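Number of protein chains: 2
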Amino acid sequence: MDTTQAQHTNRQYEEDLRELRAGLIKMGGLAERQIADAVDSLVNRDSEKARVTIAGDAEVNRMDIECDERCLNLLALHQPAAGDLRFITTGLKITTDLERIGDNAVNICERAVELNEEPQLKPYIDIPRMAEVAQSMVKDSIDAFVRKDVELAREVIDRDDVVDNLQHQIYRELLSYMAEDPHTIGRSTKILFVSKYLERIADHATNIAEMVIFMVKGKNIKHMDKNQGIL
Amino acid sequence: MDTTQAQHTNRQYEEDLRELRAGLIKMGGLAERQIADAVDSLVNRDSEKARVTIAGDAEVNRMDIECDERCLNLLALHQPAAGDLRFITTGLKITTDLERIGDNAVNICERAVELNEEPQLKPYIDIPRMAEVAQSMVKDSIDAFVRKDVELAREVIDRDDVVDNLQHQIYRELLSYMAEDPHTIGRSTKILFVSKYLERIADHATNIAEMVIFMVKGKNIKHMDKNQGIL
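Protein chains in written order, with the numbering used here: chain A, 15 to 245; chain B, 15 to 245.
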């Protein structure tokens, strides 16, 4: 290969990597918006918005395939070594997490449509709070990935406790609602499912953040306990 | 590279691919056993078994890292093209699903320990049935992957409906338990969570099966609806 060809290949490689990063940021942004819209459709009792959001999942899925293809092309055409290889294969795993986050947003919409048909059990306070934290975790986990920012990834992992605590709080509150008035059981379990979907979204963001630390540090941090002093 | 070197590299490549397949089958088998043990610990009210199973998750996590390293080595050392590239990158994604299946088995154990401390609400009939189907889905999805067997992958995807129907059945039954006797609400919601964990395990197996079809056919089957006549 002469110098001009090599430079061209190199430029193409950098361009492909840049597009992969841009694609993942865009997909992350879309996943975030799907979470926000799903929770809005519940809080504002807007079933039309829920249906539009469910339809919007097709775009998340399209981007999942597109990002994966970018990763495969990078691997096939440029045979990257070491650091870049780890970056691209982590990208491949992250698309799956983002796609599942989208699925959970759809699940929230489905419960919203059901819940909106019944009288409102109570004003939603902790659910939007959970959603806000989960969204910020998704955003920051992707930012941590593209910037290879271990500190930010650690912050995401810490924030998972906030979501878990809110989930427990919602669970306890719903248990007392159900015990006081069995007529609320159907609606309460559906709200409980919504809180579980949000918890799972936060888990996906946590998984992404763990993979970022693993990618940068090369350590098996992803299965370590916080108490072991690694995170 | 002379012929002897090339043959050596080729043999090493085949050997590495074989080890990846073997590693994934082993990891799948372990994930299956974790599901079975988790549900046993609930059905037989055996909290000691639940604790042993929770500890066993470390082995699933170790294998996750080991299989990923095998995939990365294959990509770095042999620069596989086309079909093999898709096989290895699918392997990378599958390890994540198996690892999450292990996490769900741990969640079942945690609920089992809590439930075993209270009087049994009812004999568990549908939960073990769900677990059995979910386990068979995990096994067959991995078999479909290593054999590149699209037919088997389709069967796995079809079986997901069985799990979903059982989950709905359990949900309806638990709703009526709770409505009849509010004292059962705490236990009922925990059993409901167990059924949700099993549903999620089946979802992971379905995702694996979808990825197998995508890998073999190269079609965007993974986000297609059954009604679109592709599956």
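The beta-carbon is built from N, C-alpha and C at its ideal position, and this holds for glycine as well.
Computed from a predicted structure; not experimentally measured.
Query	Result
Return the residues of the segment 93–110 of chain B that lie within a Cβ-Cβ distance of less than 8 Å from chain A, sorted by chain order.	Gln93, Ala95, Ala96, Leu99, Arg100, Thr103, Leu106, Lys107, Thr110
Verify the CB distance criterion: does Thr23/B have a CB-CB separation below 8 Å to chain A?	no
For Val66/A and Pro142/A, which I take to be in contact (beta-carbon distance under 8 Å), what is that distance rounded to the nearest angstrom?	Actually they do not touch by this definition, with Cβ atoms about 19 Å apart.
Checking 8 Å against the spacing of the C-beta atoms, do Asp111/A and Ile222/A come in under that value?	yes
With a threshold of 8 Å between beta-carbons, can Thr203/A be considered close to chain B, or not?	yes
Under the three-state reduction of DSSP, which class applies to Tyr185/B: helix, strand or coil?	helix
How would you label Pro94/A, buried or exposed, when you count the other beta carbons within 10 angstroms and need 16 or more for buried?	buried
Using beta carbons (cut-off 8 Å, strictly below), is Ala50/B in contact with chain A?	no
Is the separation between the beta-carbon of Ile122/A and that of Leu56/A shorter than 8 Å?	yes
Indicate whether at least one CB of chain B lies closer than 8 Å to the CB of Pro133/A.	no
In the structure shown, what three-state DSSP assignment does Asp117/A receive?	helix
Note down the Cα distance separating Gly97/A from Ile39/A, rounded to an integer number of angstroms.	20 Å
Determine whether the Cβ of Lys210/B lies closer than 8 Å to any Cβ atom of chain A.	yes
Less than 7 Å between C-beta atoms, sequence neighbours within five positions excluded: which residues of the same chain meet that for Leu189/B?	none
Do the CB positions of Asn118/B and Tyr211/B come within less than 8 Å of each other?	yes
Which residue marks the beginning of the alpha helix (DSSP H) containing Leu91/A, and which one marks its end?	61–92
Could you confirm whether any beta carbon from chain B is found closer than 8 Å to the beta carbon of Ala90/A?	yes
Could you give the distance in angstroms between the alpha-carbon of Asp140/A and the alpha-carbon of Ser202/A?	14 Å
Quick one: is Leu112/A near chain B, going by C-beta distance under 8 Å?	no
So with CB distances below 8 Å, who are the chain D contacts of Ile199/A?	Reference to chain D is not applicable here, since the protein chains of this structure are A and B.
How big is the Cα-Cα spacing for Leu135/A and Tyr27/A?	54 Å
Contact between the segment 215–232 of chain A and the segment 166–173 of chain A is defined here as three or more beta-carbon pairs at a separation below 8 Å; is this criterion met?	yes
Can you list, in chain order, the residues of its chain whose CB lies under 7 Å from that of Gln149/B, leaving out five sequence neighbours each side?	Glu46, Ile49, Ala50
With 8 Å as the threshold, decide whether the Cβ of Leu86/B is near any Cβ in chain A.	yes
Check whether the Cβ of Leu34/A lies closer than 8 Å to any Cβ atom in chain B.	no
Would you mind working out which of Ala158/B, Lys153/B, Leu206/B, Cys85/B sits nearest Leu31/B, comparing C-alpha positions?	Cys85/B
Report the rounded CA-to-CA distance for Asp154/A versus Val170/A, giving the unit in angstroms.	7 Å
Going by CA-CA distance only, name the one from Ala193/A, Arg161/A, Ala219/A that's closest to Arg35/A.	Arg161/A
Just how far apart, CA to CA, sit Leu91/B and Ile184/B?	50 Å
Look at the alpha carbon of His182/A and the alpha carbon of Ser209/A, and state the distance between them as a whole number of angstroms.	9 Å
What would DSSP say about Asp163/A, mapped onto helix, strand or coil?	coil
Which residue marks the beginning of the alpha helix (DSSP H) containing His217/A, and which one marks its end?	Contrary to the premise, residue 217/A reads as Asp rather than His in this sequence. Where Asp217/A is concerned, the enclosing alpha helix (DSSP H) stretches over 199–231.
Do Ala64/A and Ala158/A have their C-beta atoms closer together than 8 Å?	no
Please tell me whether Ile115/B and Ile215/B are closer than 8 Å, where the distance is taken between their beta carbons.	yes
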